[in-house]
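For the record, the sequence lines run as chains A and B. The numbering of the first sequence is our numbering, which starts it at 278 and goes up by one. The numbering of the second sequence is our numbering, which starts it at 278 and goes up by one.
There are 2 protein chains.
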Amino acid sequence: MSEAADAPTSQNPDLHQPTRDELVEALRVRFGGDGAPAFDAVNPTILRQLQHRSVRRFSDRDVTDDQLRAILTAAQAASTSSNQHSWSVIVVRDQARKEQLKPLIGNQPFIDKAPVLLFWIADLHRSAALAERAERPFAGGALLEATLVAFVDAALAAQNATVAAESLGMGITYIGGARNHPEETAAALALPPHTAVAFGMTLGWPSPTDRAKIRPRPLPEIVVHHEQYDADVLPGLDAYAERINAFFAEYGREFDWQTYITEHFADDADFFGRERLREALRDLGLPSD
Amino acid sequence: MSEAADAPTSQNPDLHQPTRDELVEALRVRFGGDGAPAFDAVNPTILRQLQHRSVRRFSDRDVTDDQLRAILTAAQAASTSSNQHSWSVIVVRDQARKEQLKPLIGNQPFIDKAPVLLFWIADLHRSAALAERAERPFAGGALLEATLVAFVDAALAAQNATVAAESLGMGITYIGGARNHPEETAAALALPPHTAVAFGMTLGWPSPTDRAKIRPRPLPEIVVHHEQYDADVLPGLDAYAERINAFFAEYGREFDWQTYITEHFADDADFFGRERLREALRDLGLPSD
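#1: What would DSSP say about L433/A, mapped onto helix, strand or coil?
#2: When DSSP builds the beta bridges, which residues end up paired with V474/B?
#3: Quick check: what's the CA-CA separation for D343/A versus Q326/A?
#4: Check the Cβ of A543/A against every Cβ in chain D and list those closer than 8 angstroms, keeping chain order.
#5: On the CB-based measure, 16 or more other CB atoms within 10 Å of its CB, does A243/A come out buried or exposed?
#6: Taking only the alpha-carbon atoms, compute the straight-line gap between L511/A and V340/A and give it to the nearest angstrom.
#7: Excluding the 5 residues flanking L558/A on each side, which residues of the same chain have their C-beta closer than 8 angstroms to its C-beta?
#8: Please decide whether F532/B counts as near chain A, where near means a Cβ-Cβ distance under 7 angstroms.
#9: Does the Cβ of T479/B lie closer than 6 angstroms to at least one heavy atom of the ligand COA?
#10: Quick one: which residues of the region 317–333 of chain B get their C-beta closer than 7 angstroms to a C-beta of chain A? List them in chain order.
#11: Helix, strand or coil for H329/B, going by three-state DSSP, please let me know.
#12: Which same chain residues end up closer than 7 angstroms to D522/B when comparing Cβ atoms and leaving out the 5 residues on each side of it in sequence?
#13: Using a cut-off of 7 angstroms between C-beta atoms, extract the partners of P459/B located in chain A.
#14: Distance cutoff 7 angstroms, beta carbons only. Does E504/B sit that close to anything in chain A?
#15: Please work out which residues of its chain come closer than 7 angstroms, Cβ to Cβ, to L300/A, disregarding the five sequence neighbours upstream and downstream, and give them in chain order.
#16: So, is N384/A buried or exposed, given that buried needs 16 or more other C-beta atoms within 10 angstroms?
#17: For R338/B, go through chain A and note every residue whose CB falls closer than 9 angstroms to its CB, in chain order.
#18: Using 7 angstroms as the threshold, is the C-beta distance between I491/B and V306/B below it?
#19: Along the chain, which unbroken stretches of the beta strand (DSSP E) at least 3 residues long are found entirely within the region 505–547 of chain A?
#20: Which residues does DSSP list as the beta-bridge partners of F316/B?
#21: Tell me whether the beta-carbon of G312/B lies closer than 7 angstroms to the beta-carbon of N457/B.
#22: For K379/A, collect the residues of the same chain with a Cβ closer than 7 angstroms to its Cβ; drop the 5 residues on either side in sequence, then sort them by chain order.
#23: Does DSSP classify L563/B as helix, strand or coil?
#24: Just to confirm my understanding: we take A475/A, look at its own chain, exclude 5 residues before and 5 after, and list those with CB closer than 6 angstroms. What are they?
#25: Taking buried to mean at least 16 other C-beta atoms within 10 Å of its own C-beta, is P469/A buried or exposed?
#26: Taking 7 angstroms as the limit between beta carbons, can you name the residues of its chain near L420/B, skipping five residues before and five after?
#27: Under three-state DSSP, which class holds V368/B?
#28: Chain B beta carbons: is any one of them nearer than 7 angstroms to that of E556/A?
#29: Within a Cβ cutoff of 8 angstroms, which residues of the same chain sit near Q294/A, ignoring the five residues on either side of it in sequence?
#30: Below 9 angstroms between beta carbons is the criterion; list the residues of the region 424–451 of chain A that meet it against any residue of chain B, in chain order.
#31: With DSSP run on the structure shown, which of helix, strand or coil describes P321/A?
#32: Since V501/A meets chain B, which of its residues come closer than 7 angstroms, beta carbon to beta carbon?
#33: Of the residues R410/A, G446/A, S404/A, V501/A, which one's Cα is nearest the Cα of F542/B?
#34: Could you give the DSSP three-state label for F335/B: helix, strand or coil?
#35: So is D560/A in contact with chain B if we call contact Cβ pairs under 7 angstroms?
#36: According to DSSP, is P483/B part of a helix, a strand, or is it coil?
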């Protein structure tokens, strides 16, 4: 049997080698014309990462169990802090459950339209279960360090899932709104103590009518520092604001990024319930001491 | 000019199409023979994710500026919460600085041997700078939600960098020890207020003498849940303990994973300074209220 016949490759759009034009265009849309990074070290994986966009409009095409297994196995292969595996993921496909969860997690109109809704869980339940069986205390589980490790473990896994999904041609959107009502969301997902939803994610095949574009990013000069942090960021933030405001203007949306940021952080009003996340996590058995 | 001549592909090992044997072997080493996931939806990106291992022994080959730009631009293309871009990265190449930082971040012997040491920063400095210029309060920056978003943003970017680096043939290791001495590490990196090191990372080309193997993972049945969380995890944890203990025994290391987990969480003693992370982050202007 030839290698080609032996290869499980039928769903693989991964082998297109980027041209220089594609690379230059991807960098231009991310960073504009002035000061965009340039490099030669590109391949299909990296080009696809550069072209990432959040997909909020899905086609009717289903995500098969086979594809989902591939994506979530890639997630499991991500690094995990000190062999702790402090994360889980919950796959929601049931339409009634999606509709039940939607108002709890930000109520964005695309949430129940996605074939798959994923909940990435900061998860100390398994470690707590081992401690309980061994009749040992679980004092370390109350530390902010433990909670942060669980959120970071969940994020590493989720980003691996993102890369895997996009390598197959699918699209995703992260849903921070999944932290808006932590206790109610935990109850709907039957979460045990010592776990909480870190964030949600919609997954599916992009609709041909999806017009979401790749979003601009700040220039590397204010994000990537060399040897030490260079705190002189305001000129770079002004340049970014121009590009991101122009980006939204193209959709006909008036947007002032700097006002959006300053008003977001000015008080609790723009946190949609997440201003009480510390208290909610404590109630769920994930204190941040 | 042909597409091939036009393509920036010289450093690209990305085009090898996985065979079924490679896929089956990757899943076997991760999950053992019983209960390992099986799927057809594989491609070069996904196979490489499955084959991820932490690399702690590097060859003399340098990481070029061009390659590093590619890796960190891929990092910048990751999703970021609500257009906030609450992360940065610091590239440390200077040997004296690596040696200065090493005892602060866990003192593992490979840290100063890596050609590149990266510090992934949970970063609210840019948002705080905008607030200060606009003479607006920064009350939201004191919330646990804001700190968690910054850590998650840093993690998504770092995992994209990991995937990009591995797609070029390099290897990485995450360094949670970079949280052991937050204030001293921040001072060494000249971090401004409202920032902290989320974690470190070594980056380089694997040494031909590196013998690190792909590490086992728990079976999906206790990590991947369907519709709701299934809290019955102890049988799966027993099965995982057998495999991970056998894995370390192959290196001649006696390891009892369950005791390691229960003793880690039993008290503060095994947190290497990170038991005071909440206080340290508050000192650095990242409270968790």
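Using N, Cα and C, we set each Cβ at its ideal position, and we do this for glycine too. These figures come from a predicted structure and were not determined experimentally.
Taking the geometry as given:
#1: helix
#2: I398/B
#3: 23 angstroms
#4: The displayed structure is made up of protein chains A and B, and chain D is not among them.
#5: Residue numbering for chain A in the displayed model covers 278 to 566; residue 243/A lies beyond these limits and cannot be assessed.
#6: 43 angstroms
#7: T424, P459, A473, P564, S565
#8: no
#9: Absence of the ligand COA is noted for the structure shown, with no ligands found whatsoever.
#10: D317, A318, V319, N320, P321, T322, I323, Q326, L327, H329, S331
#11: coil
#12: The question names Asp, yet the displayed sequence has Asn at residue 522/B. So the qualifying residues of the chain are F532, D533, W534.
#13: Near P459/B there are no residues of chain A at all, since even the closest Cβ is about 11 angstroms away, more than 7 angstroms.
#14: yes
#15: V319, L324
#16: exposed
#17: By Cβ distance, chain A contributes nothing, its closest Cβ being about 13 angstroms from R338/B, past 9 angstroms.
#18: yes
#19: none
#20: None, per the DSSP bridge assignment.
#21: no
#22: I388, D389
#23: coil
#24: W397, A399, F428, A431
#25: buried
#26: D566
#27: strand
#28: no
#29: N320, P321
#30: T424, L425, V426, F428, V429, D430, A431, A432, L433, A434, A435, Q436, N437, T439, V440, A441, E443, S444, L445, I449, T450, Y451
#31: helix
#32: L349, V366, V368
#33: S404/A
#34: strand
#35: no
#36: strand
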